[in-house]
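Have a look at the structure below, then the notes.
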Amino acid sequence: MVKESSLGAYLRERRARLDPVALGYPAGRRRTSGLRREEVAQRANISPTWYSWLEQGRGGAPSAQVLDRIAQALMLTDVEREHLFLLGLGRPPEVRYRPFGGVTPRLQRVLDAMGVCPAMVRTATWDIVAWNRAATVVLTDYGTLPPDRRNVLRQLFLNPGARELNFDWEAVARFVVGVFRGDAARAGAAQTVQPLVDELCRDSPEFAAMWRDNDVRSFGEGVKRLRHPVLGSIALEYSSFAVDGRPDLTLLIYNPVEEADAMKIRGLLEAKGA
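This is the structure we're talking about:
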């Protein structure tokens, strides 16, 4: 664990950055810039003595709840809050799930630059929220679907076409369910996905059985084999990447294994004017 004196120095530095007047405190005569210790303690709803001890490296390690209140009192960003937990407890905080807020234009340009490689961004609840042109012709044209249908599990279990597209559909489905379970728990979204789980358990006996197995898997890397209605049999290597600063978003890239498959995809893109 990082020394507590490092925690104290970090708290003092963050406290000094806050404008007391902007936060409703009188300017008055202050020996140093920023908030006073007792003002931070008041905002965090903790004892002024306890907060002073934290800055002085006394009193032992704080609880996660105390650190959370201090992070709010000091108006820390997500990255700063994580650093506070690493200093105070030697571990990052539990992930706080937040609903999807949109893909940046820069991230969309990354997808578009992938050319013949289908690429997309999915949330922790496996909603597809951004994709490139190759994804629309090889996997699914998500732009033609209502937003609530742009979900990998809904497509996989409730769309009959998914069974035709995927070689060994059952193995693919089991893998996806296991990764989905792990992703939702890791992102703190277990309660958020419960309505989707209930819907799929009701409408798909296969999903219900796989969900009861309680498998947990990681996505990582692998090969996806498709039986495409236009391209025929193709193989795609896939890789997943976390989107920096957004633990709830994952970038998926599918790279054609054979140059012949890449040429097929390029030809289809050109034929569709994409």
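Using this note's numbering, read the sequence shown as starting at 28 and increasing by one per residue.
Glycine is no exception: its CB is placed at the ideal position from the N, C-alpha and C atoms.
Between the alpha carbons of Asn178 and Glu66 lies a gap of roughly 46 angstroms.
Between the C-alpha atoms of Leu183 and Ala189 there is a straight-line separation of about 5 angstroms.
Nearest neighbour of Tyr281 by Cα position, chosen from Leu166, Leu116, Leu134, turns out to be Leu166.
Gly249 and Arg118 have their C-alpha atoms some 30 angstroms from each other. The continuous alpha helix (DSSP H) containing Val67 extends over residues 64–71. Residue burial annotation: Leu38 is buried, with at least 16 other C-beta atoms found within 10 angstroms of its C-beta.
Distance between Leu172 and Val156, taken at the CA atoms: about 12 angstroms. For Val270, the enclosing beta strand (DSSP E) stretches over residues 259–270.
Shown here, Arg244 sits in coil according to DSSP, grouped into three states, outside any helix or strand.
Between Tyr169 and Trp158, the CB-CB gap stays under 7 angstroms. The beta carbon of Phe246 lies closer than 6 angstroms to those of Val206, Ser267 in the same chain, with the five residues before and after it left out.
Under the DSSP assignment, Thr150 falls in the beta strand (DSSP E) whose first and last residues are 146–150. A distance below 8 angstroms between beta-carbons, with the five flanking residues on each side excluded, links Met141 to the following residues of its chain, in chain order: Asn159, Ala161, Ile280. Checking the DSSP bridge columns, you'll see Trp77 has no partner listed.
With contacts defined as CB atoms closer than 7 angstroms, Val284 and Glu297 fail to qualify as a contacting pair. In this structure, Gly115 and Pro89 form a Cβ contact; the two beta carbons are roughly 5 angstroms apart against a cut-off of 8 angstroms. It is roughly 35 angstroms from the alpha-carbon of Arg63 to the alpha-carbon of Ala214.
Of the candidates Ser74, Arg44, Glu109, Gly86, the residue whose Cα lies closest to the Cα of Arg273 is Glu109. Between the stretch 253–262 and the stretch 224–231, the count of C-beta pairs closer than 8 angstroms stays below three; the two stretches do not touch. Our two residues, Asn72 and Gly86, have alpha carbons roughly 17 angstroms apart in a direct line. Within a 10 Å sphere around the beta-carbon of Lys299 sit fewer than 16 other beta-carbons, which makes this residue exposed.
About 7 angstroms separates the beta carbon of Leu134 from that of Val148, a gap short enough to meet the 8 angstroms contact definition.
Between Leu94 and Leu111, the gap from beta carbon to beta carbon is short of 7 angstroms.
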